[in-house]
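Read the structure below first, then the notes.
In our numbering, the protein residues as written are 3 to 148.
Written as structure tokens, this is what we have:
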């Protein structure tokens with residue numbers, strides 16, 4: 003069994019509306035509460051980082067699955083949306099919607115298009131971040147495939 007360890011260091015100088023800094027290897031950025039939640043909106047925030055983790059994990063997993071099945075990929079992009087519910091002052095990350103756009107080469111067969119439809123769904127269930135948040139955050143797919 004292999005384990006991979008990731009380290010994040012954070013500096014936070016004060017109260018809720020301070021600005022901090024995180025360093026996690028290739029991720030070095032300012033952090034604060036987002037303006038949508040009455041914060042200063044400097045740098046990134048946990049809401050964006052969770053969405054970014056879920057989106058990049060899904061996209062990389064999908065790309066790996068497409069490569070492993072030798073589908074003739076033309077292009078791929080992703081838009082993801084995170085929905086945070088605020089009820090009685092309690093913030094809850096409610097839902098993440100992934101909207102992948104995947105196009106195969108014009109030479110792709112109907113069998114390859116069918117395989118792509120299956121892989122788009124399977125990648126969401128295979129992504130480690132999706133599995134980590136499963137049961138806590140609803141995940142949805144709205145793919146555009148061609």
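Glycine residues also receive a C-beta, built at the ideal position from the N, C-alpha and C atoms.
Extent of the continuous alpha helix (DSSP H) run through residue 53: 48 to 70 is the extent of the alpha helix (DSSP H) around residue 53.
Other residues of its chain near residue 27: CB distance less than 8 angstroms, five sequence neighbours each side excluded: For residue 27, where only same-chain residues beyond five positions count, the Cβ hits under 8 angstroms are 8, 9.
Extent of the continuous beta strand (DSSP E) to which residue 128 belongs: Element bounds for residue 128: not the beta strand (DSSP E) but the alpha helix (DSSP H), 112 to 128.
Rounded distance between the beta-carbons of residue 74 and residue 125, thought under 8 angstroms: Not confirmed; about 17 angstroms, so no contact.
Beta-carbon gap between residue 21 and residue 54 smaller than 8 angstroms: Contact: no.
Span separating the alpha-carbon of residue 133 from that of residue 123: Cα to Cα, residue 133 sits roughly 13 angstroms from residue 123.
Contact check, residue 64 vs residue 121, beta carbons under 8 angstroms: Judged by beta-carbon spacing, residue 121 lies within the 8 angstroms limit of residue 64, meaning their Cβ atoms are closer than that value.
Whole-angstrom distance between residue 68 and residue 99, CA atom to CA atom: When rounded, the distance between both Cα atoms is 20 angstroms.
Local Cβ density within 10 Å of residue 34, reported as buried at 16 or more and exposed below that: Its Cβ being crowded by 16 or more others within 10 Å, residue 34 is buried.
Heavy atom of the ligand MN within 7 angstroms of residue 41 beta-carbon: This structure lacks the ligand MN; in fact it carries no ligand of any kind.
Beta-carbon gap between residue 66 and residue 82 smaller than 8 angstroms: Between residue 66 and residue 82, the gap from beta carbon to beta carbon reaches 8 angstroms or more.
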